[in-house]
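The structure appears below as structure tokens.
Residue numbers (this note's numbering), protein chains in the order written: chain A, 89 to 236; chain B, 89 to 236; chain C, 89 to 236; chain D, 89 to 236.
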């Protein structure tokens, strides 16, 4: 793991610590680096739709969170502008769900990230593609701006 | 309001009552009918990202919920297959956010729904387009299938 | 029709006249104004896939062209950043296909446009949602900047 | 290359030979196999927008064509249902543009494909994610159905 990857992890953990959704959703930051992240949560009762499976909004929310950690991994503050998701399989109550975001492209201030959302047995629950845009500022302010 | 619109509202309220996410998110079903729905919630602390504004995942979740009520409004059980969202403006803690879903097209078992997500002052927070697919079954089982 | 709508039409016709794709695709600019446009073409043999119906790429191309005229209608040069399309019904060789783009939202430099693509009998062939971004410059340079 | 990969290439070449768009766009099938394909074309004058760069519709059309060859590679007839594209960089007249489609997920009758569209120098022009659905029939009818 490079210094930049370590710094990317520090950024992600810092973001997670400031998010109200982090504890609400039980987000676990598992791994990551420059341009990618892997996070997970366990499906709770308050995430279920009327069929007793995970609400599509929560699959999106997990993927969108993974995107946020990946697109901010260089400490250039970035936000999601647009995202698309395809739902392939439901997740059940109590199941661990993992989202892995990977940078597909970075062009100027725009980035594209693919996120795979998988269930405990590795089956694909949803695939997600998001478009980020770099705005002003940093996630972690550093004295010597070493991160750029 | 036609009988079919009244029945669409009954279906939506029934769905909401069975969702674990309904009370968790504080979903308020405001209005609806055949092919459309309008719902809202108020942004709570556990919906906030690190900037103190609503997490994109929660904007999607509200839009996706509105889609679910609209695409099931004929009592033919339907699920979202795919959805896209563009984020335009953040919402703040305590702000009421409204999602209005409207049927754009219905072709065989596929439906397309546009959802506008707006803030208290009417500004557009996000626009969403979702693709639904009708599967087997009904939301409310009726003796005489009057709803078809 | 307001002066701004007339100017929007002039901008669209100017754009069309400069596009290599205009004559290649037989684009007909039918109507438009500030924030919207309606265009059409007739499905030709060189637009067909192996099933003898219109290639999905050409349905997208027509919708994307309608978006371009709508998002540039204020003479602030804009480009599509992202777009999503759902395919609902095929079009046949010789059929006239129409795309109508309407502005759903405009927030800062970002715009969202919904485009309905319909066949001769009015059936929905595809629905499209595109995200535009305003860049520098104008489509038509005017002495007195009356268009702003 | 496995027998299945060889058969996938045969299917793709067969599809291309039946498409009116193939010669119109100058599609070159470069490589492929089960679940993937790589194709290219050279940007011609009739593909240009008013800025003298490739029309976004043509970038989509190339990506959508690559998707078609990838999602039909098992000889189960499939069609695109929905697709999203993000535009990152323009291509110029005379430039060779390549689209590489890869299967991200396959679940029942639904498939998800990511397509990278690149320029001659390898820069990313667009990223595309498409959702396919298997319908009845095959691309190539075989005596002994060996392809299943």
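Glycine included, C-beta positions come from ideal geometry on N, C-alpha and C.
Restricting attention to A:111, A:179, A:211, A:106, the CA atom closest to the CA of residue 199 (chain D) is found in A:211. At a C-beta separation below 8 Å, residue 169 (chain C) has these neighbours in chain D: 174, 175. In this structure the segment 168 to 178 of chain B does not touch the segment 120 to 132 of chain B; the number of beta carbon pairs closer than 8 Å is below three. Secondary structure at residue 176 (chain A): coil, using DSSP grouped into helix, strand and coil.
Around the beta carbon of residue 105 (chain A), fewer than 16 other beta carbons sit within 10 angstroms, so the residue counts as exposed. For residue 106 (chain D), the enclosing alpha helix (DSSP H) begins and ends at 91 to 106.
Taken through DSSP and simplified to helix, strand or coil, residue 133 (chain A) comes out as helix. Interface flag for residue 131 (chain C) against chain B is unset, since no Cβ pair is found closer than 8 Å.
Here the segment 219 to 231 of chain C makes no contact with the segment 92 to 102 of chain D; the two share fewer than three CB pairs at distances below 8 Å. From the beta-carbon of residue 194 (chain B), no residue of chain D is found nearer than 9 Å; the closest lies around 15 Å away. Residue 152 (chain D) counts as buried, since at least 16 other C-beta atoms from the protein chains shown sit within 10 angstroms of its C-beta. Spatial neighbours of residue 113 (chain A) in its own chain (CB-CB distance under 6 Å, excluding positions within 5 residues in sequence) are listed in chain order as 129. At a Cβ-Cβ threshold of 8 Å, residue 158 (chain C) and residue 144 (chain D) do not count as neighbours. For secondary structure counted as the alpha helix (DSSP H) over 4 or more consecutive residues, the segment 134 to 211 of chain D holds these complete runs in sequence order: 144 to 159.
Sorting C:140, C:155, C:162 by C-alpha distance to the C-alpha of residue 229 (chain C) places C:162 at the top. Under the three-state reduction of DSSP, residue 230 (chain B) is assigned to coil, being neither helix nor strand. DSSP places residue 218 (chain C) within a strand segment (E or B) once states are collapsed to three. For residue 155 (chain A), the number of other beta carbons within 10 angstroms of its own is at least 16, and it is reported as buried. Note that the C-beta distance between residue 115 (chain B) and residue 160 (chain B) is not below 8 Å. With 16 or more neighbouring CB atoms inside 10 Å of its own CB, residue 191 (chain A) falls in the buried class. DSSP links residue 124 (chain C) through a beta bridge to C:121, C:190.
Annotation: Cβ neighbours of residue 219 (chain C) in chain A (cutoff 9 Å, chain order): 169, 170, 219. A direct Cα-Cα distance of roughly 5 Å separates residue 206 (chain A) from residue 186 (chain A). Distance from the CA atom of residue 132 (chain C) to the CA atom of residue 150 (chain B), rounded to whole angstroms, is 42 Å.
In this structure, residue 121 (chain D) lies near residue 93 (chain D), with their beta-carbon atoms less than 8 Å apart.
For residue 225 (chain D), the number of other beta carbons within 10 angstroms of its own is below 16, and it is reported as exposed. In this structure, the CA atom of residue 182 (chain C) is about 30 Å from the CA atom of residue 139 (chain D). At least one CB of chain D lies nearer than 8 Å to the CB of residue 215 (chain A).
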